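The structure appears right after this line, and notes come after that.
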Amino acid sequence: VHEMLDKEVAAGTSPTNIFVCGLSQGGALAIASVLLYPKTLGGCAVFSGSVPLSKSFADRVTPEARKTPVLWFHGMADGVVLFEAGHAGCAFLQELGMACEFKVVQKHT
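Taken in order, the sequence shown gives residues 349 to 457; the numbers are from the numbering used here.
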């Protein structure tokens, strides 16, 4: 993912115009990629994903990455990635000083 981001930046795209998004495991990859990238990006959207919550991971988050805003969606009825894992991921980012907005998706019938 970082290689793709670097190619876009090298081609002239401002990092603040780049958004990384992902669903489920892709959401985990998206947020991990953003957190470890050495530049501030336009944003990250996570859909029912999770994030490594260890202290060692938190220590690797770059100061520039901490400026990237995150929008996190999670479904109440997600049977694969627990709602609590998504909510904890956003809280983890907020503890790092990041702007993370958490949106609950209700089950519709």
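Glycine included, every Cβ here is placed at the ideal spot set by N, Cα and C.
Quick caveat, the model's predicted, so the values are computed rather than measured.
For a quick check, are the C-beta atoms of residue i and residue j less than 8 Å apart?
{"i": "G434", "j": "S396", "result": "yes"}
{"i": "S398", "j": "V429", "result": "yes"}
{"i": "V349", "j": "L377", "result": "yes"}
Spatial neighbours of residue i within its chain, please: CB distance less than 8 Å, with the 5 preceding and 5 following residues excluded, ordered by chain position.
{"i": "V382", "result": "V368, L389, C392, A413, T416, V418"}
{"i": "K451", "result": "L419, W420, F421, H422"}
Might you give, ordered along the chain, the residues of its own chain that have their beta carbon closer than 6 Å to the beta carbon of residue i, omitting 5 neighbours on each side?
{"i": "T364", "result": "G390"}
{"i": "Q442", "result": "C448"}
Could you compute how far the alpha carbon of residue i sits from the alpha carbon of residue j?
{"i": "G300", "j": "S362", "result": "No information on residue 300 is available, as it lies outside the stretch 349 to 457 that the chain covers here."}
{"i": "H380", "j": "S372", "result": "Rather than His, the amino acid found at residue 380 in this sequence is Ala. For A380 and S372, the distance between alpha carbons rounds to 12 Å."}
{"i": "D354", "j": "G437", "result": "26 Å"}
{"i": "V453", "j": "I366", "result": "25 Å"}
{"i": "W420", "j": "G370", "result": "10 Å"}
Fill in: Any 3 or more C-beta pairs closer than 8 Å across the segment 441-448 and the segment 408-422
yes
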